[in-house]
Structures are given as structure tokens and as C-alpha cells.
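Colleague: To start, I am sharing the structure in question, which I have written as C-alpha cells.
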Amino acid sequence: MTLLAFLILFVAVAIGYTINLRAARAIRAGGTKPHSLDGFHGGYAALVILVPTFFLIIFWMLFQGVVINSLVKAGLPSGTFDGLGTGEIQLIMAEIRSIAGGRVFGTPEDWKLAAADRLVALRATSSWLLVAVTLAMVAVLILLTRRTVAADFRARHWVERIVLVLMVACATVAIFVTIGIVGSLMFETFRFFQMVPFWEFILGTSWEPQIPIREDQIAAEGAFGMLPVFLGTLVIATIAMVIATPIGLFSAIYLHEFASPRVRAVVKPVLEILSGVPTVVYGFFAILVIAPAIRSFGADLGLPIAPNTALAAGSVMGIMLVPFISSFADDALGAVPRSLRDGSLAVGATPAETVSKVLFPAAIPGIVGGILLAVSRAIGETMIVVMAAGLIAKMTINPLDSVTTVTVQIVTLLIGDTAFDSPKTLAAFALGMVLFLVTLVINIFALSIVRKYREIYD
Amino acid sequence: MTDQTVSSGSFDWTSPAFKTNLKRRKRSQLRLKLLGLTAISIAFLMLALLIGSLVSTGYHAFTQTHIKMEVYLDPQEIDPENPDRGGYRDILTETMRTQFPEVADDRAALRRLTTMLSNGAQFTIRDAVVANPALIGQTVTFDVPVSDSYDQLNKGLIDRETPEQFRRLKDDEIANFDLLQDRGMVTKPLNTALITNADSRFPELAGLKGAIIGSFYALLTCFILSFPVGIGAAIYLEEFAPKNRVSDLIEININNLAAVPSVVFGLLALAVFLGWFGMPRSAPFVGGLTLALMTLPTIIIATRAALKAVPPSIREAALGVGASKQQVVFGHVLPLAMPGILTGTIIGLAQALGETAPLLLIGMNAFITSAPSTPFDSATALPTQIFIWADSPERGFVSRTSAAILVLLTFLITMNAVAIYLRSKFERKW
């Protein structure tokens, strides 16, 4: 049905465009010269029909589910939901929906069947109503725009105004995404802190999100102290940076200073491949190759190495970050003015001395910015650690041990069916908030360093 | 005294002190060079190791061991009115009994024999019969996949030298399989099921069809949403936006958005799209919506760079002959910038294709045995399918995970190659 609505819309746009185009041509043929080209009269009609109707359909699609849901809920016999948690309410609604979809299990109560019938009826009404409203709207708009065609109608100005507004709307999408991220994270985090005290989360040293699902279930109390999780993130990020920074920097220095253009033309794209490999592939690589290799190496040395040691996830993440750091460093070295380099070479310094004593210090801000961005990536990286790191949070900085990270906890807490009212689910959003804030601060700092540094030499 | 001449005007270039000094400096230059070469070789080695390990484990999954055998479609087992519900398992058991007459009456041994065939074998036969009910009562040759353990045996992944108690297949099972092999019934054709089947619990039946279609729908949604919005935003910011606080804010915002961890976008999608708007779980449409938010900054940044690369003379010439600002942009600048924009978009989409974490959070890691027919059906995507298979305990899934990764990498390489081709073919140097 929505497809039909869209079809009607596009046909109407085509009709409106043609009608106005012809009308403008008729005016021109009549001897008077219109203010705007004929195409703009058509374009004006197309835009005026397209934009409002398009948004109408989108909003209808977005909100019809919510509205129908609440109508069905309101139609249930009063007192149905008394004393039920949101999880049970969701279960009942899901059952009603599956009955409406024709999948009946067992013998549901009569009121559920009635609700399912109502749901089906409401859905049908909604889709017919959508088509009807769309038809009415495009008809009115076609008539309205047809009447605007006149020799002195400034169609181009109107078209350009509408296009400009549309472009501004596109540009603000980015802002709305940020607002959406911050808003949703804050909303859920706030609900989390109503269940778990703020300071317990920030300073707690034990993370055991297993909480009893039923009243009578024997399970751990559940502890939500983020410190061990965050420590694990830092351990893995540190390992990754210890590996990525020297490899990235030295390869950048070599490429920038010693490599011939031919070598550069081969090596740079190959390094780029490393950054284009999806992280889930790195994760599989870590469990397939790196972790067993590290473990057997450790067994040879007699070291006790956990099966999912932080070393495996960290080192693979380091490899992933090499091209990132290397390209940032390469750019930073390239941005140093040629005069500095020529001056250094002219007084007799070797290329190596020029790089390490002149270019490198001058490029430090850009390089640090790149390294910081890599750190933020390492902290936010998800798939490698989900696949290769551990699940249990420990207060340890031993890289041979298994640690867990913020992103691992977010994914494991939210995988599978989730209800939005248990501290377990909400804890994931609180962790997400921490992750977002930490990476945001690092990113802003790094980007401002990079930008300021660019301005110095520009 | 010679080493003090440095401070005086004349310098002894031949002094031993200078020579050792020069040697030291040259050595340190060599050291730096070697360090750089080592760094690059480590990176190359890792890439080679990555690809090598994927290929060496993955190529097994591109073939699948089959057994070709004559199956008597017993009319007593199949009701011609209702061929869907025949006793196909019994038919297979009967077929194995004819192959191994010596175990004819030992039911336990017979059951073990039938485990040699994949669980999907009975469905292959059923589908053939449903398609052509005239087959009932005839003896037909079928080519059915064997189960995972025997597939591993045939590919040499099970070591026959291992003591029996540590081996997944016992001596008699191996002997039975070898017997069939000697009769020439065992074949190893190309594993088309890898592409034409959807997911399955059984490695020999599992395929990527659902994941590929799911990824396609997600990418399509992502492209439809992020491409126009991204171009609109970039044109506004690059060509029309006044230089003020608001524009700066938008710009900083976009740069930061590009660096937000992907899992955070997953949280946003879970809370807003699924939680507030009640969109369906596991749907490629929702996945594409989430990926669109992540791809948007990439497309905006690439488009702005492409617009910037168009020389001002083009704009001035168009303005000079009386075009309006928008006519200049849409009639001249944008078409010239299109190759750059498309390149950036394809690279952004390639990134989106490999993105996993946000899709996990919206439930695209469900176990779904049929391919989605619309973007609103439950589905997996290629990277989440890789994640599911990597988590599966069956041995056969190791090689299938690698094979799936190779398929994903093939798609990525193709997309990037198209992007590079576009750039080299159409991009102009001014």
C-alpha cells in the first residue's frame, strides 16, 4: 500500500510538471515572455507536489505502527495490564501481532483474538487512508500549482528557494543524528542511573551484569562497576597502539623520505588494503591464526596464556591501525614546508637527520593528532574484541590474561531479545554513553590539533 | 689537537675523527632505513598471512563432497496426492541398505550408515519428487551432499593416522566411505550451495544467499538515503553556506560524526528505530538506515573535496553569462564533480558493506534459513553471517567462514576497483 502511495506521488509529480511546463509554453507561444524559463514552472509544480506529500507518507509510515499499537492497547479489556511488567506487556502484544499475522499457537484467549482482528482492521484502514490522503493531497496541489503559472510568476526564484531549504535540511541531518545519539543515550542512561547509583557505576570495581530474570531465580546480585571494563579497554588499546605506532611511523618515514616513487606507488595502496579489510575479518583472523600462535608460543616459554588473551585482540587491532597512523604521519611530514627540509639538507645533514631532527619535530602536532584519532578508534573498535577478547571483567593489566572491553559488553548485553527496562540492557547504554563521551573528547582534541597545525603552515 | 679544529675556520675533512663521525651518521641513516623497511615488511607479512590463512582454510568450502546413488522411490513411502509428506528418510535408509547388504538387519549400524548423508539429502529428493511426481516408483540417480564429517574426511582434513578414540569418524565408518569411493560413487563438485542456499545448522547445506540479498537490500537503502542527502548537505556547505557559527558547528559536527564508534550508531538505531518507532527487528531496511547515518559523513566529505577541485573559472564563466548561483552549481559544477563524488560514495558504501557491529545490535545476526524477499523481512548481512559462522562449533564452518570472508572481500575489491576506475577514467586534472 505504501508502494502504491509512492507510485501515486511520482505519477502526480510527472503530471504536475508536464501541466505547468505546457502552460508556460502556451504563454510563451502567446507572445508574452514569462519571467522564468518554462522548465522552472514545471519544476516548481514538481517540488511543491513532491516535498510535502513525500514527508506526509514518511511520517505516516513512521507513526502508524505506534498509533495502531496504542489503539489496540486501548481497546483491550480494562485491567489487562494491571500489575504486569513491560516485558510481559510486550509479550502479549507480540502474541497479538503474530495471531494477526496468521500464526496462531495453541488456543489464545478470546480477547486476544478480538485484539488481533482489530489490529488487522486498523492496519487495513491505515493503509487505505494513506492512499486516500495522498490522492487528495496531490490533486489539491496539482490544481494549486497550475493556477500559479503566469508570465510574471517568478518560478525560478521559488524553485531556488525551495532547493536551498532542502539543502539546508540535508546539512542539518548531521546535527540531528548527533542530537539523536546524545538524546537516546542520555535518556536510557538516565533510566539506568535510577536503578544503579551513579558513583557505583563510575567507581565500582566489579562488573557482573548477570541479574535474576525471575523473582525465584538464584543468580548473582548483579554489579555494575565500569572500572574493570574500562581498564580492559585500555589494556587492549595500549597493546594495539604499542604495535601500531612504531610500525606506522617508521613505514611513513621510509615512504616519505627513502622510498622511490615506484616503491611508494606500490606500498601505499597495499597498506590501504589493510585499512579496508572489514573488522569482522580481523576478528576471525585473530581467533584463527594469532591467538593459537601466541598460545603455543607462550606454552613453549612456559607462560600461562589465557585462550582469549588481550594480546591477540590487541595485536590484530594494532595491525588494523597501522595504515591509519602511517597515512596521517605521511600527510603531516608532507605538510612541512619544503624550505625547512632544503635548509637542513643544505647545511649537510643526512636525509635521516633531516627527518628525525627537522621534519619530525615540525610534524609532531599532526602526527600526535593522527595517533589520538587511532586511539579513539582502538577504544571504539568492536568486532575484533567481540570475537577475540574475553567476556569476564577483571581488574588486571596483565596482557596475557583475558580482559573484556566496553564494546564487548555493549554487544553481549544487547544481543538477542531485549527489554528496555532491565538494568542489564540499560547498562549497555550507559557504557555507550561513556564510550561516546571518551571518543568525542579525544576526537575533538585531535581534530583541533590537526586543524591548528595545518593553519600554521598553510 | 686535531679535534679542536672544528671551532676554527679551517676544517680537516680527512681527519679520522670526522671519518668515524661520518661513518656513525651513515650507520644511523642505514638504521632508520632498515627500521622503515622492517615496519613495512611486518605490515606486508601480516597482510600476506591474513590472506594466506583465509585462502588456505577457505578453498575447501568451494567444493563439497557428494555421493551419487540410485534411489528407488518406493510408492509405499510416498503418497502421490501429497508428495510433500513422504517417508524420504526411510527411502534413504533403504538405499544405504542396498549398498551395504551385510548390515541389512542391524538397525543401529544402518542408522550410523545413514548419517553419512547430509540431513538435507531427503529434502533434495523430496523437492525432485514434488517437482515431478511421475518419478514415484522409479529408480532415479541422485547426487546428494554427504554430512560434514565425511566431507572433512574426503578433503583430507581428518587424519586417518589419529588413534580411533580421538577421531570423529570411527574405523568402520571410514571403511564404509572408502568402499563407496572405490565404487566411484563419491564426487567432489563445485559447492554451488554456498551461493544458492540460505543459512543452515548443517555446514554442508549452509549458504550465503540470504546474507548476500540482505546486504544488497541494506546497501540499497543506505545508498538511496545517504547519496542525495549527502550531496545536498555538501553542496550547501561548500557553495552556499555563509561563513558563520552555524556553518562551523555543522562542519565540526560532521567531522566528529565520521569518528564516532560504529557500535554507538547501533545503540542509536536500537533505541530510536526499534525502540521508539517500532521498526521490525533484523530487517535490512533498518540496517540500511543505520548504515546511511554512518556513510553520510564520508559522502559529505568526499563530495566537498570533489566540489572544491572544480576550478573557480568554471563558476565565474557561468556566472558571467548570466546563470544564477544554483544554475551554476547544478548545471556546471556538480556534473564536473560527479566522478569524484561517485568514487567517494562507492568507497563509503564499501565501508558500509563491511560494517558489523551496528547490525548486530539491531538483530541482523538471527538464524534465518530463508532469503528475505523484501527489505522488511528478517535477514542477515554478509559480515554478520561471517560472525555467526565464526561462532559455530561445527568444524565445517571454519572453512565456510573463510569462504564467506573471501566472498565479502571479492565484493569489496570489486567496488573499490570500480571506484578507482571511475577516478582514473573521468577525473580531470585542471
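Protein sequences, first through last, are from chains A and B. Heads up, the first sequence is in the numbering used here, so the first residue is 0 and it goes up one at a time. Heads up, the second sequence is in the numbering used here, so the first residue is 1373 and it goes up one at a time. Just so it is clear, CB atoms sit at the ideal spot from N, CA and C, and this is done for glycine as well.
DSSP on W206 (chain A), reduced to helix/strand/coil?
Modeller: Translated into the one-based positions of the first sequence, residue 206 (chain A) becomes position 207. Here W206 (chain A) sits in strand by DSSP.
Colleague: Between S126 (chain A) and chain B, is there a C-beta pair that is closer than 8 Å?
Modeller: As a position in the first sequence, residue 126 (chain A) is number 127, starting the count at 1. By this cut-off, S126 (chain A) is not an interface position.
Colleague: Is there a C-beta anywhere in chain A that falls below 8 Å from the one on Y1444 (chain B)?
Modeller: Taking the first residue of the second sequence as 1, we reach residue 1444 (chain B) at position 72. No, its Cβ sits nowhere closer than 8 Å to a Cβ of chain A.
Colleague: Does S1382 (chain B) have its Cβ less than 8 Å from a Cβ in chain A?
Modeller: Taking the second sequence and counting its residues from 1, one reaches residue 1382 (chain B) at position 10. Chain A, which has no Cβ nearer than 8 Å to the Cβ of S1382 (chain B), makes this no.
Colleague: Could you name the residues of the same chain whose beta carbon sits closer than 8 Å to that of P1730 (chain B), not counting the 5 residues immediately before and after it, in chain order?
Modeller: Within the second sequence, numbered from 1, the residue matching residue 1730 (chain B) stands at position 358. Around P1730 (chain B): S1634, V1635, F1637, G1638, A1641, G1659, T1662, L1663, M1666.
Colleague: Since L1409 (chain B) meets chain A, which of its residues come closer than 8 Å, beta carbon to beta carbon?
Modeller: On the second sequence, position 37 is the one that residue 1409 (chain B) refers to. By Cβ distance, chain A contributes Y253.
Colleague: At 4 residues or longer, and completely inside the segment 1465 to 1527 of chain B: list those alpha helix (DSSP H) runs for me, N to C.
Modeller: Complete alpha helix (DSSP H) runs here, min 4: 1479 to 1486, 1493 to 1503, 1520 to 1526.
Colleague: Spatial neighbours of N1788 (chain B) within its chain, please: CB distance less than 8 Å, with the 5 preceding and 5 following residues excluded, ordered by chain position.
Modeller: Residue mapping note: residue 1788 (chain B) aligns to position 416 of the second sequence, counting from 1. If we look at N1788 (chain B) and ignore the five residues flanking it on each side, its Cβ neighbours are I1718, I1719, A1722.
Colleague: When DSSP labels each residue in this structure, what does E1442 (chain B) get in the three-state scheme?
Modeller: As a working note, residue 1442 (chain B) is residue 70 in the second sequence. Looking at E1442 (chain B) - three-state DSSP - the assignment turns out to be strand.
Colleague: Does I1530 (chain B) come within less than 8 Å of chain A when only Cβ atoms are used?
Modeller: Reading the second sequence from its first residue, position 158 is the one you call residue 1530 (chain B). No, no contact with chain A.
Colleague: Please list, in chain order, the residues of the segment 420 to 436 of chain A that have any C-beta partner in chain B closer than 8 Å.
Modeller: Cβ contacts with chain B: A427, F428, G431, L434, F435.
Colleague: Cβ of I304 (chain A) within 8 Å of Cβ of G313 (chain A)?
Modeller: Along the first sequence, read from residue 1 onward, the residue named residue 304 (chain A) stands at position 305. Along the first sequence, read from residue 1 onward, the residue named residue 313 (chain A) stands at position 314. Cβ distance not < 8 Å, so I304 (chain A) and G313 (chain A) don't count as in contact.
Colleague: Going by the DSSP bridge assignment, what does T1559 (chain B) pair with across the sheet?
Modeller: Your numbering for residue 1559 (chain B) matches position 187 in the second sequence. Answer by DSSP bridge pairing, in chain order: B:H1438.
Colleague: Is C169 (chain A) helix, strand or coil when you go by DSSP?
Modeller: Indexing the first sequence from 1 puts residue 169 (chain A) at position 170. C169 (chain A): helix per DSSP, three-state reduction.
Colleague: Alpha helix (DSSP H) containing H40 (chain A): first to last residue?
Modeller: In the first sequence, residue 40 (chain A) corresponds to position 41, counting from 1. First-last of the alpha helix (DSSP H) with H40 (chain A): 37 to 74.
Colleague: Residues of chain B with CB under 8 Å from L129 (chain A), in chain order?
Modeller: Residue numbering aside, residue 129 (chain A) sits at position 130 when the first sequence is read from its first letter. By Cβ distance, chain B contributes nothing, its closest Cβ being about 16 Å from L129 (chain A), past 8 Å.
Colleague: Rounded to the nearest angstrom, what separates Q1494 (chain B) and T1564 (chain B) at their Cα positions?
Modeller: The residue you call residue 1494 (chain B) lines up with position 122 of the second sequence. The residue you call residue 1564 (chain B) lines up with position 192 of the second sequence. So the alpha carbons of these two residues sit roughly 18 Å apart.
Colleague: For M0 (chain A), does the three-state DSSP call read helix, strand or coil?
Modeller: Translated into positions along the first sequence, residue 0 (chain A) becomes position 1. Coil at M0 (chain A), not helix or strand.
Colleague: Which chain B residues sit within Cβ distance under 7 Å of L442 (chain A)?
Modeller: As a position in the first sequence, residue 442 (chain A) is number 443, starting the count at 1. What sits at residue 442 (chain A) in the sequence shown is Asn, not Leu. By Cβ distance, chain B contributes N1628, A1631.
Colleague: Going by DSSP, which residues form a beta bridge with A222 (chain A)?
Modeller: One-based indexing of the first sequence puts residue 222 (chain A) at position 223. Bridge partners of A222 (chain A): A:E207.
Colleague: List, in order along the chain, the chain A residues whose C-beta lies closer than 7 Å to that of S1634 (chain B)?
Modeller: Here residue 1634 (chain B) corresponds to residue number 262 of the second sequence, with the count starting at 1. Neighbours of S1634 (chain B) on chain A, chain order: T381.
Colleague: Check whether the segment 423 to 437 of chain A and the segment 406 to 414 of chain A touch, using three or more Cβ-Cβ pairs below 8 Å as the test.
Modeller: Yes, they touch.
Colleague: 8 Å is my cut-off, CB to CB: does A1762 (chain B) come that close to chain A?
Modeller: In the second sequence, the residue the question calls residue 1762 (chain B) occupies position 390. Cβ-Cβ to chain A under 8 Å: yes for A1762 (chain B).
Colleague: Is I289 (chain A) closer than 8 Å to V264 (chain A) when the C-beta atoms are compared?
Modeller: Walking along the first sequence from the start, residue 264 (chain A) turns up at place 265. Walking along the first sequence from the start, residue 289 (chain A) turns up at place 290. The question names Val, but residue 264 (chain A) in the sequence shown is Ala. Not in contact: A264 (chain A) and I289 (chain A) (Cβ atoms no closer than 8 Å).
Colleague: Short of 7 Å in beta carbon distance, which residues of its chain neighbour R1461 (chain B), apart from the five on each side in sequence? Order them along the chain.
Modeller: By one-based count along the second sequence, residue 1461 (chain B) stands at place 89. Here the set comprises Q1494.
Colleague: Just to check my reading of the structure: M1488 (chain B) and F1549 (chain B) have Cβ atoms closer than 8 Å, yes? What is that Cβ distance to the nearest angstrom?
Modeller: Residue mapping note: residue 1488 (chain B) aligns to position 116 of the second sequence, counting from 1. Residue mapping note: residue 1549 (chain B) aligns to position 177 of the second sequence, counting from 1. That belief holds up - the Cβ atoms of M1488 (chain B) and F1549 (chain B) are roughly 7 Å apart, short of 8 Å.
Colleague: Rounding to the nearest angstrom, what Cα-Cα distance links R222 (chain A) and K393 (chain A) in this structure?
Modeller: Residue numbering aside, residue 222 (chain A) sits at position 223 when the first sequence is read from its first letter. Residue numbering aside, residue 393 (chain A) sits at position 394 when the first sequence is read from its first letter. Residue identity differs from the one stated: residue 222 (chain A) is Ala in this sequence, not Arg. Spanning the two alpha carbons is a distance of roughly 13 Å.
Colleague: So A115 (chain A) and I95 (chain A) are in contact, right, with Cβ under 8 Å, and what is the actual spacing, rounded?
Modeller: For the purposes of this step, residue 115 (chain A) is taken as the residue at position 116 of the first sequence. For the purposes of this step, residue 95 (chain A) is taken as the residue at position 96 of the first sequence. So it is a contact: roughly 5 Å between Cβ atoms.
Colleague: Which residues, in order along the segment 1570 to 1594 of chain B, keep a beta-carbon less than 7 Å from a beta-carbon of chain A?
Modeller: Answer in chain order: no residues at all.
Colleague: Would you mind telling me which residues of chain B sit closer than 9 Å to N68 (chain A), beta carbon to beta carbon, in chain order?
Modeller: Here residue 68 (chain A) refers to the residue found at position 69 of the first sequence. Neighbours of N68 (chain A) on chain B, chain order: G1650.
Colleague: Using only the alpha-carbon positions, how far apart do R1676 (chain B) and W110 (chain A) sit?
Modeller: Translated into the one-based positions of the second sequence, residue 1676 (chain B) becomes position 304. Translated into the one-based positions of the first sequence, residue 110 (chain A) becomes position 111. Each residue's Cα considered, the two are about 58 Å apart.
Colleague: Is the beta carbon of V1512 (chain B) sitting closer than 8 Å to the one on V1443 (chain B)?
Modeller: Here the question's residue 1512 (chain B) lines up with position 140 in the second sequence. Here the question's residue 1443 (chain B) lines up with position 71 in the second sequence. In this structure, V1443 (chain B) lies closer than 8 Å to V1512 (chain B) by Cβ.
Colleague: Among the residues of its own chain, which have a CB less than 7 Å from the CB of V12 (chain A), if the five just before and after it don't count?
Modeller: By one-based count along the first sequence, residue 12 (chain A) stands at place 13. Excluding sequence neighbours, V12 (chain A) sits near A45, I48, L49.
Colleague: Below 9 Å on C-beta distance, what does P51 (chain A) contact in chain B?
Modeller: Within the first sequence, the letter at position 52 stands for residue 51 (chain A). Chain B residues near P51 (chain A): none, gap ~17 Å exceeds 9 Å.
Colleague: Check whether chain B comes within 8 Å of P350 (chain A), counting only Cβ atoms and requiring the distance to be less than that.
Modeller: Translated into positions along the first sequence, residue 350 (chain A) becomes position 351. Yes, because at least one Cβ of chain B sits closer than 8 Å to the Cβ of P350 (chain A).
Colleague: State yes or no: is the C-beta of P1561 (chain B) within less than 8 Å of the C-beta of P1505 (chain B)?
Modeller: On the second sequence, position 189 is the one that residue 1561 (chain B) refers to. On the second sequence, position 133 is the one that residue 1505 (chain B) refers to. In this structure, P1505 (chain B) does not lie closer than 8 Å to P1561 (chain B) by Cβ.
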